[in-house]
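Undergrad: I'd like to ask you about the structure that follows.
2 protein chains.
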Amino acid sequence: MKRVNKISKNQLQRLPAYLYHLQMLRASGVNRVTSPQIAKDLDLNVELVKKDFALVSSTQGTPRAGRDIDDLIHDLIKFLEYDKESTAILVGCGSLGRALIGYRGFDDFGFNIVAAFDNNPDLIGTKIGELTIYPLERLNEIQSIKKAKIGIITVTAKAAQLVADQLVKAGIGAIWNFAPANLMLPSDIIVQDESMASSLAVLSHRLKMKERSLKRKLK
Amino acid sequence: MKRVNKISKNQLQRLPAYLYHLQMLRASGVNRVTSPQIAKDLDLNVELVKKDFALVSSTQGTPRAGRDIDDLIHDLIKFLEYDKESTAILVGCGSLGRALIGYRGFDDFGFNIVAAFDNNPDLIGTKIGELTIYPLERLNEIQSIKKAKIGIITVTAKAAQLVADQLVKAGIGAIWNFAPANLMLPSDIIVQDESMASSLAVLSHRLKMKERSLKRKLK
DNA sequence: TAGATTGTTAATCGATTAACAATC
DNA sequence: TAGATTGTTAATCGATTAACAATC
């Protein structure tokens, strides 16, 4: 059995940053890149970059000359599967739901929101861009046609569990949860929480540490 | 010198989840909680929960009886500084900016967006809730009054670097960046990237792994 | 008391960082 | 060639998990 190269969460999270940066460099006429250069640009450890590139690259880099930027971009796109269409349905057409539906960056990732739901009668039947908002009752029916892989939850914390249950019942295998709630779901369902609270906790703590060290220096 | 207990990023990210869950439990009449119970609820390792609670708690837990839920909630709020006001200004009043300004959860975290900016003439002077949208030119002036700690960037990737530079010039110490761009800033400025691309990369990968293992089982 | 839970110490695991030979 | 960069192996670091004595 071939040993599959495992990739860590951190590693995965770095890949889009590389891709974005490489595309910027290419746009400014750069043809080749080296690990030390990218490490410097993105403020990362060189060995980290070397290993990341080695993992996604289909070719070896050449000592001293680095890698062809087009090859590397191509390999990253391939690895991240940005060249394959991936579909999602979204429940909750409040401001955050609208923002996600309108997010233009998703195109670049091959990511497509193919249906939107809400249970507010005022919203049902109205459009957000190309998408018509459907009532939640039609979730099963529409998902059976669209067969989306991912369900996006942008409802209130209170409604989130109920919506999650309905998405699972409709056959969704993964949930991208933007509601501040701890969803309880079968273990085979993938749940990814996008928690403002967690992000803010990290940011606030970093800020606090910074302020403390400034105060120490002032003494 | 007293050794300061360091807290890791992961640990910080778990704290709001505990708090939310505990508040739910309290609302349903629970008075005391134990680590094994919370670990089971949130699908975490027991030792992890024990250490997290030990870190934030002002009191010791009692064997067999666990902790008083109110005390623990209080300690978490204290630790996360949700009882202290924290302010931010936001640049970019598109749909995402609007969603953040309208996000009601921030109140619970003591987090307040106190000014909003955009350079679209159609938006300037209009209101989002209580906030008036100001032109970017007035950033310095308004920040000198508001003295916000955090700058939120919800502009396009193209404009992000420029906006970041202006925020830094206006005296902002930390940037919460929602634009898909790699900001290059002085090292003393805290930058926290909220990357849709990174999140999606992780989610897609998890989904891919799941599909693979399902296929293997079907053989 | 018995047994569950506590706090804490030790073992394991995995990711990052450092070191180094190979090579263009 | 000289020296920078490559891929890879070893060392370090930190977080998670396991183990266990103390105790209510």
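Going down the list, the protein sequences come from chains A and B.
Here the first sequence is numbered in the numbering used here, starting from 1 and rising by one per residue.
Here the second sequence is numbered in the numbering used here, starting from 220 and rising by one per residue.
For glycine and all other residues, C-beta sits at the position ideal for the given N, C-alpha and C.
Treat the numbers as computed from the prediction; the structure is a model and nothing was measured.
Following the continuous beta strand (DSSP E) through residue 330 (chain B), name the residue where it begins and the one where it ends.
TA: 330–337
Undergrad: State the CB to CB distance for the pair residue 12 (chain A) and residue 335 (chain B), rounded to an integer number of angstroms; the pair is presumed to be in contact (CB under 8 Å).
TA: Not really, about 33 Å apart at Cβ, beyond 8 Å.
Undergrad: Can you tell which of A:24, A:179, A:86 and A:186 has its C-alpha closest to the C-alpha of residue 168 (chain A)?
TA: A:186
Undergrad: If I measure Cβ to Cβ from residue 146 (chain A) and keep anything under 6 Å in the same chain, skipping five residues before and after, which residues do I get?
TA: 114 and 115
Undergrad: Is it the case that the Cβ atoms of residue 392 (chain B) and residue 409 (chain B) are separated by a distance below 8 Å?
TA: yes
Undergrad: State yes or no: is the beta carbon of residue 248 (chain B) nearer than 8 Å to at least one beta carbon in chain A?
TA: no
Undergrad: Would you call the CB atoms of residue 411 (chain B) and residue 396 (chain B) closer than 8 Å?
TA: yes
Undergrad: Which ranges would you report for the alpha helix (DSSP H) in the segment 296–383 of chain B if only whole runs of at least 4 residues count?
TA: 314–321, 324–327 and 358–365
Undergrad: Can you list, in chain order, the residues of its chain whose CB lies under 8 Å from that of residue 245 (chain B), leaving out five sequence neighbours each side?
TA: 288, 289 and 292
Undergrad: Leaving aside the five residues before and after residue 44 (chain A) along the sequence, list all residues of the same chain whose C-beta is less than 8 Å from its C-beta, in chain order.
TA: 14 and 38
Undergrad: Leaving out five residues before and five after residue 152 (chain A) in sequence, what residues of the same chain have Cβ atoms less than 6 Å from its Cβ?
TA: 88, 90 and 176
Undergrad: Buried or exposed: which applies to residue 30 (chain A), given that a residue is buried once 16 or more other Cβ atoms fall within 10 Å of its Cβ?
TA: exposed
Undergrad: Counting only beta-carbon separations shorter than 8 Å, does residue 360 (chain B) have a partner in chain A?
TA: So no, residue 360 (chain B) is outside the interface.
Undergrad: Taking its Cβ as the centre, do 16 or more other Cβ atoms sit within 10 Å of residue 54 (chain A), making it buried, or is it exposed?
TA: exposed
Undergrad: Mind reading off the beta-carbon distance from residue 342 (chain B) to residue 312 (chain B)? Whole number of angstroms is fine, and I expect it under 8 Å.
TA: 5 Å
Undergrad: Closer than 6 Å by C-beta to residue 301 (chain B): which residues in its own chain qualify, once you throw out the five before and the five after it? Chain order, please.
TA: 328 and 329
Undergrad: Quickly, what does DSSP pair residue 285 (chain B) with across the bridge? List them, please.
TA: For residue 285 (chain B), which the question treats as bridged, DSSP gives the partners B:281.
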